[in-house]
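Listed in order, the protein sequences are those of chains L and W.
When the letters of the first sequence are read in order and numbered with the numbering used here, they come out as residues 922 to 1285.
When the letters of the second sequence are read in order and numbered with the numbering used here, they come out as residues 922 to 1285.
2 protein chains.
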Amino acid sequence: MLKRGPVPLANVAVMPSTDGSARPRHLGDLPTPALVIDVDVLDANLRTMAAVHPGAALRPHVKAHKCTSLARQQAAHGHTSFTCATPREVIGMARAGLGADLLLANEVVDPRRLAAMATAARETGAVITVAVDSAETIAAAADAGLSSVLLDVDVGLPRCGCAVDDAGRLADLARARGLEVRGVMGYEGHLMVPADGDDPDGHRRRVDEAIDRLLVAHAAVGGDVVSSGGTGTHHLHRLRPGVTEVQAGSYALMDSHYGTHGHPFGQACHVIGTVISVGRRHAVADVGLKAMGMDHGNPTTSAGAVWFLSDEHLTFAPASTAAVGDRIGVVPAHIDPTMAMHEDAWLVRGDEVIDRWPIDLRGW
Amino acid sequence: MLKRGPVPLANVAVMPSTDGSARPRHLGDLPTPALVIDVDVLDANLRTMAAVHPGAALRPHVKAHKCTSLARQQAAHGHTSFTCATPREVIGMARAGLGADLLLANEVVDPRRLAAMATAARETGAVITVAVDSAETIAAAADAGLSSVLLDVDVGLPRCGCAVDDAGRLADLARARGLEVRGVMGYEGHLMVPADGDDPDGHRRRVDEAIDRLLVAHAAVGGDVVSSGGTGTHHLHRLRPGVTEVQAGSYALMDSHYGTHGHPFGQACHVIGTVISVGRRHAVADVGLKAMGMDHGNPTTSAGAVWFLSDEHLTFAPASTAAVGDRIGVVPAHIDPTMAMHEDAWLVRGDEVIDRWPIDLRGW
């Protein structure tokens, strides 16, 4: 439980809510849709991952929660280097005092945002490293006054990342521009879940092949860092040498997509809804697609079978009788975009509301 | 064009941006992902709809844009009654001086939010009507001090709405609680686009059947208002009597879902991205699924064929050569959740940035 963890939860006393009223004390008092985090499940997830990849062997990905309060819990579990996807995440983490070692694992060419990151580094003492995969991104980082980079390498996911055989040339180019090249990163995002029909050995082989590509690039680039992986492959990186740090994020809160793949993490996050209408064969809760990332499909709920979501509604066939005013818990199919849709997360233990964490790293 | 419209665009002079720098003057200066509205296309859409459903015959749905600045333009085109989906939309519209006739076309049983709407009505003089479809929602509205309701009727979409043959009883119940019953609403959301294989006559017949159900309920309920329809059926309601007002919202900005169905509205809204990485067969722009509603599937772009979206990336096969730093325009598949993901919309004419509108009605 978090209150037994190494850092006590901040602000456990009643804090004012955004509308000036007192903080809700019970789950049933929360205005819905409400993003709710079970502190005990969260803490168990953080402990489990910290046991597998302790300290700097994990670089938790902030994009999965966009919440400095949650990042602070990850730091309390020993992980003080973080992965970010946007400049706003980087700057927010730096200004929250969590800037010991921040990686922007994404390419940015916006000179104002790159300069804002360099300013945040100067003003807070944060160490900020950005991913680069081209002459243009190297020039943009150098021009903005940033000091260090990782070479982002294409390991099979058709997204960002230079070709393996171009990594050495780009590293030389970065050094020629005065940038420290700390190593390589490569995200095997196409392998986060096994392909249909793939067995665990086949999955592991495919991940190994991706990491082999990253290590070939690393040999040409140099540096201490080989950063890769995610929640879906974190267990495989423990089994082979090479990767120095894993960029997992979803493990902390989880979703129904990762939840079906046997990882040792519980579902810590639900969106709570209120039943607002009951038909003959269906009921409707106020958890719509504006409260829930839909790119991985419909969410799930133990309250019944989900028929469809509208902007502000979830229509479902109740597993048992449903009444107006009932609360239901909904498990998002994809946690990352779900977090980005909410202003706050409510921390709960059982029926008790313990704290509220702002989702303070939303936007770009 | 809006600058020739009945209300001049506010704040056309340079306004400070959120980071304190001067407002970007050109499309190429916008930080991306950027939600961009073409003022001329928007204005043409508003004029076209106002010609079909003038004044109070249209009750524009605020959920499609969540932006009081855009609502103000709709008011300038003669529509001063509005539809909302959340209490925050209602309260925000009331406090923005757009509360002449606000309908919350949704069931709410949260006593605090209902009371906050009643307070907003008292403090601003707004007229606020809420949808009810059960004894519980009627009691909640009455207990909160709200004064008027519409009976929400199930016209075939399995979502909210009472049974047709229960509407009269519920109207009596509402009147017994001292509520003014203004009439009925029913949303034929299952018919916003024709079913596969349906011809226009078949589609129209199905919409007519849904509206017939609403009119049967109306005969039992009474009141002046019969509120229904949306962008996808707005043209059919013009062809038959019965519905007194249409609740269309998407027509103002449009999306690729409605865009393929021959409506006389242009695509006014794009999300602009910057190409941040170029591979051998693909390129990557910084418009991910956190910037784009994904429930209707992938967005489209004239820049090429969309392969997939990640949290912060759009991977596509470029139609022609792509270079890091290029800008692309992306058409969301569903405008409503896309708007809810952005803090601001940028108003543009050609390459020129004219204004910035806060998306100020996000959340609940």
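Glycine is no exception: its CB is placed at the ideal position from the N, C-alpha and C atoms.
Note that the coordinates shown come from a computational prediction; the quantities given were computed from them, not determined experimentally.
Note to self: List, in chain order, every chain L residue whose beta-carbon is nearer than 7 Å to that of Arg1098 of chain W.
What the structure shows: Stepping through the second sequence from its first residue, residue 1098 of chain W is reached at position 177. Going along chain L, no residue has its Cβ under 7 Å from Arg1098 of chain W, so there is no contact; the nearest lies around 16 Å.
Note to self: On the DSSP letters alone, give me the boundaries of the alpha helix (DSSP H) that Ile1012 of chain L sits inside.
What the structure shows: Locating residue 1012 of chain L in the first sequence gives position 91, counting from the first residue. Unbroken alpha helix (DSSP H) run through Ile1012 of chain L: Pro1008 to Arg1016.
Check: Which of the three DSSP states, helix, strand or coil, is assigned to Leu1019 of chain W?
Finding: What you label residue 1019 of chain W is simply residue 98 of the second sequence in a count that begins at 1. In this structure, Leu1019 of chain W counts as coil in the three-state DSSP scheme.
Next item on the list: Would you kindly check if the distance between the Cβ of Val1105 of chain W and the Cβ of Leu1135 of chain W is under 8 Å?
Entry: Mapped onto the second sequence, residue 1135 of chain W falls at position 214. Mapped onto the second sequence, residue 1105 of chain W falls at position 184. In contact: Leu1135 of chain W and Val1105 of chain W (Cβ atoms closer than 8 Å).
Margin query: Quick check: is the beta carbon of Ala1006 of chain L nearer than 8 Å to any beta carbon in chain W?
Written below: Taking the first sequence and counting its residues from 1, the one referred to as residue 1006 of chain L is at position 85. Yes - at least one Cβ of chain W is within 8 Å of the one on Ala1006 of chain L.
Check: Is there at least one Cβ from chain W nearer than 8 Å to Thr1058 of chain L's Cβ?
Finding: As a working note, residue 1058 of chain L is residue 137 in the first sequence. Chain W, which has a Cβ nearer than 8 Å to the Cβ of Thr1058 of chain L, makes this yes.
Check: Could you give the C-beta distance for Val983 of chain W and Thr1004 of chain W, rounded to a whole number, given that I count them as a contact under 8 Å?
Finding: Working through the second sequence from its first residue, we reach residue 983 of chain W at position 62. Working through the second sequence from its first residue, we reach residue 1004 of chain W at position 83. Confirmed, Cβ separation roughly 6 Å.
Note to self: With a threshold of 7 Å on Cβ separation, who are the neighbours of Arg1034 of chain W within its own chain once the five nearest residues in sequence on each side are excluded?
What the structure shows: The residue given as residue 1034 of chain W occupies position 113 in the second sequence. These residues qualify, in order along the chain: Pro1008.
Note to self: Does the CB of Ala1266 of chain L have a neighbour CB from chain W at under 8 Å?
What the structure shows: As a first step, residue 1266 of chain L must be located in the first sequence, where it is residue number 345. So, not an interface residue.
Checklist line | Short-range partners of chain L found in the stretch 1228-1244 of chain W, where Cβ spacing is below 9 Å | finding: Trp1228, Phe1229, Leu1230, Ser1231, Asp1232, Glu1233, His1234, Thr1236 and Ala1244
Next item on the list: Give a yes or no on whether the minimum CB-CB distance between Trp1285 of chain L and chain W is below 8 Å.
Entry: On the first sequence, residue 1285 of chain L is found 364 positions in, with the first residue counted as 1. It does: the Cβ of Trp1285 of chain L has a partner Cβ on chain W nearer than 8 Å.
Next item on the list: Run the CB neighbour count on Ala972 of chain L, radius 10 Å, all protein chains shown included, and call it buried at 16 or more, exposed below.
Entry: Within the first sequence, residue 972 of chain L is the residue found at index 51, counting from 1. Its Cβ having fewer than 16 others within 10 Å, Ala972 of chain L is exposed.
Next item on the list: Give me the Cα-Cα distance between Ala1084 of chain W and Asp1075 of chain W, rounded to the nearest whole angstrom.
Entry: Working through the second sequence from its first residue, we reach residue 1084 of chain W at position 163. Working through the second sequence from its first residue, we reach residue 1075 of chain W at position 154. Rounded to whole angstroms, Ala1084 of chain W to Asp1075 of chain W spans 6 Å at the Cα level.
Check: What is the C-beta distance between Thr1259 of chain W and Gly1214 of chain W, in whole angstroms, given that I count them as a contact (C-beta under 8 Å)?
Finding: Here residue 1259 of chain W is taken as the residue at index 338 of the second sequence, counted from 1. Here residue 1214 of chain W is taken as the residue at index 293 of the second sequence, counted from 1. Confirmed, Cβ separation roughly 4 Å.
Check: With DSSP run on the structure shown, which of helix, strand or coil describes Thr1221 of chain W?
Finding: As a working mapping, residue 1221 of chain W is identified with position 300 in the second sequence. Of the three classes helix, strand and coil, the one that applies to Thr1221 of chain W here is strand, per DSSP.
Notebook entry, point to check: Nearest to Glu1028 of chain W by alpha carbon, out of W:Asp1122, W:Thr1040, W:Ala1006 and W:His1178?
Noted result: Sequence index remark: in the second sequence, residue 1028 of chain W carries index 107 (1-based). Taking only the C-alpha atoms, the option nearest Glu1028 of chain W is W:Ala1006.
Item checked: Three-state class that DSSP yields for His1184 of chain W in the structure shown -> Counting from 1 along the second sequence, the entry for residue 1184 of chain W is found at position 263. His1184 of chain W: coil per DSSP, three-state reduction.
Item checked: Residues of its chain near Pro975 of chain W, where Cβ-Cβ distance is below 7 Å and the 5 sequence neighbours each way are ignored -> Position 54 of the second sequence, counting from 1, holds the residue named residue 975 of chain W. Here the set comprises Gly999.
Notebook entry, point to check: Whole-angstrom Cβ separation of Pro1253 of chain W and Pro1220 of chain W, contact assumed at under 8 Å?
Noted result: Start at 1 with the first residue of the second sequence, and residue 1253 of chain W comes out as number 332. Start at 1 with the first residue of the second sequence, and residue 1220 of chain W comes out as number 299. That pair is a contact at about 5 Å.
Note to self: Once DSSP output is grouped into helix, strand and coil, what is the label at Gly1153 of chain W?
What the structure shows: Position 232 of the second sequence, counted from the first residue, corresponds to residue 1153 of chain W. Gly1153 of chain W: helix per DSSP, three-state reduction.
Next item on the list: Look at the Cβ atom of Cys988 of chain W, then the Cβ atom of Asp1281 of chain W, and state whether they are nearer than 8 Å.
Entry: Start at 1 with the first residue of the second sequence, and residue 988 of chain W comes out as number 67. Start at 1 with the first residue of the second sequence, and residue 1281 of chain W comes out as number 360. Their beta carbons are under 8 Å apart, which means Cys988 of chain W touches Asp1281 of chain W by this criterion.
Note to self: So, for Ala1065 of chain L: in the same chain, excluding its five sequence neighbours on each side, which residues have a beta-carbon less than 8 Å away from its beta-carbon?
What the structure shows: As a first step, residue 1065 of chain L must be located in the first sequence, where it is residue number 144. Excluding residues within five positions, the ones whose Cβ falls inside 8 Å are Pro1032, Leu1035, Ala1036, Met1038 and Ala1039.
Check: Alpha carbon to alpha carbon, what distance is there between Gly1200 of chain L and Glu1010 of chain L?
Finding: Here residue 1010 of chain L corresponds to residue number 89 of the first sequence, with the count starting at 1. Here residue 1200 of chain L corresponds to residue number 279 of the first sequence, with the count starting at 1. Computed Cα separation, rounded: 43 Å.
Margin query: Could you pull the DSSP bridge partners for Arg1277 of chain L from this structure?
Written below: The count along the first sequence starts at 1 and reaches residue 1277 of chain L at position 356. DSSP output for Arg1277 of chain L lists L:Trp1267 as bridge partner(s).
Notebook entry, point to check: How many angstroms separate the CA atom of Ala997 of chain L from the CA atom of Thr1165 of chain L?
Noted result: Counted from its first residue, the first sequence places residue 997 of chain L at position 76. Counted from its first residue, the first sequence places residue 1165 of chain L at position 244. Using only the alpha carbons, I get a separation of about 20 Å.
Item checked: Any chain L beta carbon closer than 8 Å to Arg1034 of chain W -> Translated into positions along the second sequence, residue 1034 of chain W becomes position 113. Taking Cβ atoms only, chain L reaches closer than 8 Å to Arg1034 of chain W, which makes this a yes.
Note to self: Counting only beta-carbon separations shorter than 8 Å, does Ser1198 of chain L have a partner in chain W?
What the structure shows: Residue numbering aside, residue 1198 of chain L sits at position 277 when the first sequence is read from its first letter. Yes - at least one Cβ of chain W is within 8 Å of the one on Ser1198 of chain L.
Checklist line | Ala955 of chain L, DSSP secondary structure in three states | finding: The residue labelled residue 955 of chain L in the question sits at position 34 within the first sequence. Ala955 of chain L: strand per DSSP, three-state reduction.
Notebook entry, point to check: When the cut-off is 8 Å and only beta carbons count, does Arg1161 of chain W lie next to chain L?
Noted result: As a first step, residue 1161 of chain W is located in the second sequence; it is residue number 240 there, counting from the start. Not an interface residue.
Check: Would a check of beta-carbon distances place Glu1044 of chain L closer than 8 Å to chain W?
Finding: Counted from its first residue, the first sequence places residue 1044 of chain L at position 123. Taking Cβ atoms only, chain W never reaches closer than 8 Å to Glu1044 of chain L, which makes this a no.
Note to self: Between W:Leu1210, W:His1203, W:Leu951 and W:Pro981, which has its C-alpha nearest Tyr1172 of chain W's C-alpha?
What the structure shows: Here residue 1172 of chain W refers to the residue found at position 251 when the second sequence is read from its first residue. Of the candidates W:Leu1210, W:His1203, W:Leu951 and W:Pro981, the one whose C-alpha sits nearest the C-alpha of Tyr1172 of chain W is W:Pro981.
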